[in-house]
Amino acid sequence: QQSRKAGGWRFAAGGIGAAAALGASFTAVTAFAAEAKVDYKQVSQAVKKILDEDNYDDGSIGPVLVRLAWHASGTYDTTTKTGGSDGATMRFAPEINHGGNAGLDKAQKWLEGIKAKHPEVSYADLWILAGIVAIEEMGGPTIPFRSGRTDSTDATTPGDDAPTPDGRLPD
Numbered sequence: 238q239q240s241r242k243a244g245g246w247r248f249a250a251g252g253i254g255a256a257a258a259l260g261a262s263f264t265a266v267t268a269f270a271a272e273a274k275v276d277y278k279q280v281s282q283a284v285k286k287i288l289d290e291d292n293y294d295d296g297s298i299g300p301v302l303v304r305l306a307w308h309a310s311g312t313y314d315t316t317t318k319t320g321g322s323d324g325a326t327m328r329f330a331p332e333i334n335h336g337g338n339a340g341l342d343k344a345q346k347w348l349e350g351i352k353a354k355h356p357e358v359s360y361a362d363l364w365i366l367a368g369i370v371a372i373e374e375m376g377g378p379t380i381p382f383r384s385g386r387t388d389s390t391d392a393t394t395p396g397d398d399a400p401t402p403d404g405r406l407p408d
């Protein structure tokens with residue numbers, strides 16, 4: 238949950254707990270960045286630059302980026318070890334068309350410019366990092382981030398990174 242306060246967004250305790258589940262630290266990023274050849278600090282700066290969007294909602298795309306990260310992550314099933322943010326399968330139908338994902342295609346489109354400038358970052362890492370940056374920039378806590386998520390190549394990939402069934406997001 239979030240509320241608008243003078244000077245930025247503030248998150249209620251329940252929202253922070255869910256948000257904290259999204260990542261690992263920028264210290265960890267440094268260790269992974271050399272291996273992945275992704276400058277996550279530059280990617281984070283690029284996300285910060287697009288947060289203000291006068292023609293969207295209240296003037297910020299921050300909340301919808303948090304929602305994108307949550308919807309990408311929230312489909313993980315511990316029993317089957319499927320779903321979740323790895324694979325970034327929400328890029329494909331039918332998953333992007335699930336009722337709960339309505340409007341998230343806009344968030345994905347806002348991040349396309351960043352992806353084009355940083356093609357080495359996976360969509361899966363970009364979405365999670367964008368959610369983390371948005372939370373921090375809206376006055377939330379510093380959230381750790383760990384890179385290493387990969388992207389599925391299509392919507393029909395069987396196995397762990399196949400698109401998830403509709404209705405898997407928890408209430």
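Using the numbering used here, read the sequence shown as starting at 238 and increasing by one per residue.
We put the beta carbon where it would ideally sit given N, CA and C, even for glycine.
Neighbour-count burial assignment, residue i, 16 or more Cβ in a 10 Å radius
i	result
Thr316	exposed
Asp291	exposed
Gln282	exposed
Gly350	exposed
Asp391	exposed
Gly385	exposed
Distance between residue j and residue i (C-alpha atoms, nearest Å)
i	j	result
Pro356	Arg383	18 Å
Lys352	Tyr313	24 Å
Pro407	His308	9 Å
Glu374	Gly311	22 Å
Leu366	Asn334	23 Å
Tyr360	Thr387	8 Å
Asp342	Val280	20 Å
Ala381	Ser322	The residue asked about is misnamed: residue 381 is Pro in this sequence, not Ala. Cα to Cα, the separation comes out at about 16 Å.
Chain-order list of residues whose beta-carbon lies under 7 Å from that of residue i (same chain, five-residue window excluded)
i	result
Trp347	Ile287, Ile298
Ser389	Gly324, Ala325, Thr326, Asp398
Gly320	Thr312, Tyr313, Asp314, Thr401, Arg405
Spatially closest choice to residue i from the options, by CA coordinates
i	options	result
Lys274	Asn292, Gly350, Val358	Val358
Phe405	Ile369, Gly336, Gly350, Leu363	Per the sequence presented here, residue 405 reads as Arg, with Phe not at that position. Cα-wise, what sits closest to Arg405 is Gly336.
Thr379	Asp289, Val284, Ile369, Arg386	Ile369
Asp403	Asp362, Pro331, Trp364, Asp342	Pro331
Val284	Asp342, Gly377, Gly376, Trp364	Trp364
Same chain, Cβ closer than 6 Å to residue i, neighbours up to 5 away in sequence not counted
i	result
Ala339	none
Ala344	Val301, Leu302, Leu305
Asp295	none
Ala371	Gly299, Leu302, Val303
Asp362	Ser384, Arg386
Length-filtered (4 minimum) alpha helix (DSSP H) runs lying within the segment 327-395: Counting only runs of 4 or more residues that sit fully inside the segment 327-395, the alpha helix (DSSP H) segments are 341-354, 360-374, in chain order.
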